[in-house]
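If you read the protein sequences in the order shown, they are chains A and B.
Going by the numbering used here, the first sequence opens with residue 23, and the numbers climb by one from there.
Going by the numbering used here, the second sequence opens with residue 23, and the numbers climb by one from there.
Written out below as structure tokens is the structure these notes cover.
There are 2 protein chains.
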Amino acid sequence: MAAPSARSRRRADAERSIARIVSAARTLLSSDPNATTDDIAQAAGVGRMTLYGHFRTRADLVGAALTDALRTGEETLSSIDLTGDAGDAMTRLLASSWALVAESAALLAAAEGVLPEGRVRDMHAEPARRMAELIRRGQEQGAFRTDLPTTWLVSLVQYILHGAAAEVRAGRLPSDEAAHVVTRSVQSVLTG
Amino acid sequence: MAAPSARSRRRADAERSIARIVSAARTLLSSDPNATTDDIAQAAGVGRMTLYGHFRTRADLVGAALTDALRTGEETLSSIDLTGDAGDAMTRLLASSWALVAESAALLAAAEGVLPEGRVRDMHAEPARRMAELIRRGQEQGAFRTDLPTTWLVSLVQYILHGAAAEVRAGRLPSDEAAHVVTRSVQSVLTG
DNA sequence: ACTAACTCGTACGTTCATGTACGAGCTTTT
DNA sequence: AAAAGCTCGTACATGAACGTACGAGTTAGT
Numbered sequence: 023m024a025a026p027s028a029r030s031r032r033r034a035d036a037e038r039s040i041a042r043i044v045s046a047a048r049t050l051l052s053s054d055p056n057a058t059t060d061d062i063a064q065a066a067g068v069g070r071m072t073l074y075g076h077f078r079t080r081a082d083l084v085g086a087a088l089t090d091a092l093r094t095g096e097e098t099l100s101s102i103d104l105t106g107d108a109g110d111a112m113t114r115l116l117a118s119s120w121a122l123v124a125e126s127a128a129l130l131a132a133a134e135g136v137l138p139e140g141r142v143r144d145m146h147a148e149p150a151r152r153m154a155e156l157i158r159r160g161q162e163q164g165a166f167r168t169d170l171p172t173t174w175l176v177s178l179v180q181y182i183l184h185g186a187a188a189e190v191r192a193g194r195l196p197s198d199e200a201a202h203v204v205t206r207s208v209q210s211v212l213t214g
Numbered sequence: 023m024a025a026p027s028a029r030s031r032r033r034a035d036a037e038r039s040i041a042r043i044v045s046a047a048r049t050l051l052s053s054d055p056n057a058t059t060d061d062i063a064q065a066a067g068v069g070r071m072t073l074y075g076h077f078r079t080r081a082d083l084v085g086a087a088l089t090d091a092l093r094t095g096e097e098t099l100s101s102i103d104l105t106g107d108a109g110d111a112m113t114r115l116l117a118s119s120w121a122l123v124a125e126s127a128a129l130l131a132a133a134e135g136v137l138p139e140g141r142v143r144d145m146h147a148e149p150a151r152r153m154a155e156l157i158r159r160g161q162e163q164g165a166f167r168t169d170l171p172t173t174w175l176v177s178l179v180q181y182i183l184h185g186a187a188a189e190v191r192a193g194r195l196p197s198d199e200a201a202h203v204v205t206r207s208v209q210s211v212l213t214g
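Set out below in structure tokens:
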């Protein structure tokens, strides 16, 4: 989507505007999934019309913001060492995943409400694949259970992550305990 | 809310209309959380104006529908035997809870979007209390873990239920496996 | 410098569901 | 059977974003 050379007909100032808009969208939508295009343009220090010059619809913009969040997320996740003991690897993966999920939960909600059915999930193909792979490896090692569908286990881990984020947001779970709670919960669910 | 004698100034036909409207709302909102007042009135076989005669706002109506769903849910849940082995009791409680959650997931989403922040959770005080109590009893029996906050365990069970409902809706989990999958997942999460 | 691209204000048009107003007929109730 | 309560159609007002149109001014690229 943001291939730097593919559309290099864009002028430098346009490039800058787009970057500011996407960044503002990520920030705003991550705290209020209903932020309007106007809010976002303002936060980006840009006129609403400029925004519409680059993103035809609000959905476009939300999509771009989510893409950007996933891209930076991938940078973190792809550098994690997933070899060795699967349980330990899972702990490492969860620590980073937790931070990312907690940060972008509202953005995700915004996308879910605006993008076509299933699109959000599709965009998560890469992180989902990574998680599935690790679970499968753990199963082969005998470290993780095999009596429940792997698909379900992958989804379940996501629900736990998002659930914990919601609890923190609601003030029912201290944020400094969250990572620990998530890790222990996931471990029990995976080991049976 | 529906005290039969409290507002007995209502005529019988009005009572009938209200019942049909609430019932239609439950049905429709349980498959489409965005159903309009018009849709609901039509499904109830009633004019939109009649609906507005009884429910001032859409939020009122959604609230009434959820209240009704919770009321019937309570009838089922309150009759469950929660004595004896906590694990077994949990299995029984989950079986019924699963059916209720799966049925009204979309209604819940509708309410979440329309009712004031936290209202939906407050309305679940009774079922939440019941679940919390059982978990606490299991902890005293030594059957359930005590290394995670009880509050979190209660929430987590809810997230698992709702997650499973979402998976079924999306076609990623066969509905005849769901109850079993939920039970096993909750058991592992509670026993550590 | 000259052109094409970009910015951005003001103003307008659109859409869609919500909720209100009015009023002519039907039911209950007593 | 009379009064009070309900039903419900048509029509309208409201509000909130979204998205478009126009056009004058500014900035970047070559």
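From the three backbone atoms N, C-alpha and C, an ideal C-beta is built for every residue, glycine too.
Within chain A, the residues that residue i reaches when beta carbons sit closer than 7 Å
i      : result
E96/B  : Here the premise fails: no neighbours, minimum Cβ distance about 23 Å.
V211/B : S207, S210, V211
E189/B : W174, S177
G214/B : S210
8 Å Cβ cutoff, residue i in contact with chain A
i      : result
Y181/B : yes
L178/B : yes
S207/B : yes
A24/B  : Here the model assigns A24/B a pLDDT of 37, short of 50, so the residue's position is not dependable and the matter cannot be decided.
Rounded C-alpha distance that separates residue i from residue j
i      : j      : result
R29/B  : L195/A : No answer about R29/B holds up, because its pLDDT of 49 lies below 50 and its placement is not dependable.
G140/B : G106/A : 43 Å
A63/B  : L130/B : 20 Å
G109/A : L156/A : 9 Å
A24/A  : I40/A  : Confidence is the limiting factor: at A24/A the pLDDT is only 38, short of 50, which leaves the residue's position unreliable and the question unanswerable from this model.
E96/B  : D90/B  : 10 Å
R43/B  : V190/B : Reading off the sequence, residue 43/B comes out as Ile, not Arg. If I take the Cα positions, the gap works out to 28 Å.
R167/B : A200/B : 24 Å
E37/A  : L73/A  : 12 Å
A188/B : E125/B : 11 Å
S119/B : H202/B : 13 Å
V123/B : V136/A : 25 Å
G214/B : R32/B  : 54 Å
S177/A : T79/B  : 37 Å
A165/B : S210/A : 14 Å
A111/A : L170/A : 20 Å
D198/A : I102/A : 22 Å
L104/B : G160/B : 11 Å
G67/A  : A192/B : 40 Å
S53/B  : A34/A  : 48 Å
R93/B  : L92/A  : 42 Å
P138/B : E162/A : 47 Å
A81/B  : P55/A  : 20 Å
R151/B : S45/A  : 42 Å
Within chain B, the residues that residue i reaches when beta carbons sit closer than 7 Å
i      : result
T173/A : R194
G109/A : The premise fails here: G109/A is roughly 14 Å from chain B at the closest Cβ pair, so nothing lies under 7 Å.
G185/A : S177, L178, Y181
Rounded distance between the beta-carbons of residue j and residue i, thought under 8 Å
i      : j      : result
L83/A  : A47/A  : 6 Å
L212/A : L175/A : 6 Å
D60/A  : L50/A  : Contact flag wrong, Cβ pair sits at about 11 Å.
M145/A : L88/A  : 6 Å
T10/A  : T205/A : This structure does not reach residue 10/A, given that chain A is present from 23 up to 214, and the question cannot be answered.
Y181/A : G185/B : 4 Å
L99/B  : P149/B : 6 Å
A133/A : G85/A  : 7 Å
V208/B : V179/B : 6 Å
Cross-chain neighbours of residue i in chain A, by beta carbon under 8 Å
i      : result
L170/B : V203, R206, S207
CB contact below 8 Å: residue i versus chain B
i      : result
H146/A : no
S27/A  : Low per-residue confidence applies at S27/A: pLDDT is 43, beneath 50, and the placement is therefore not dependable, though the value from the model is reported in the following sentence. For S27/A, the answer is no, since every Cβ of chain B falls outside 8 Å of its Cβ.
S197/A : no
A57/A  : no
Closer than 7 Å: residue i CB and nearest the ligand ATP heavy atom
i      : result
R191/B : By its list of ligands, the structure shown contains no ligand whatsoever, and the ligand ATP lies outside what it can speak to.
Just to confirm the assignment: which complete alpha helix (DSSP H) runs, minimum length 4, are found wholly within the region 31 to 66 of chain A? Unbroken alpha helix (DSSP H) runs of no fewer than 4 residues, entirely contained in the region 31 to 66 of chain A, are found at 34 to 51, 59 to 66, following chain order.
Runs of alpha helix (DSSP H) wholly within the region 118 to 148 of chain A (minimum 4 residues, chain order): The qualifying runs are 141 to 145.
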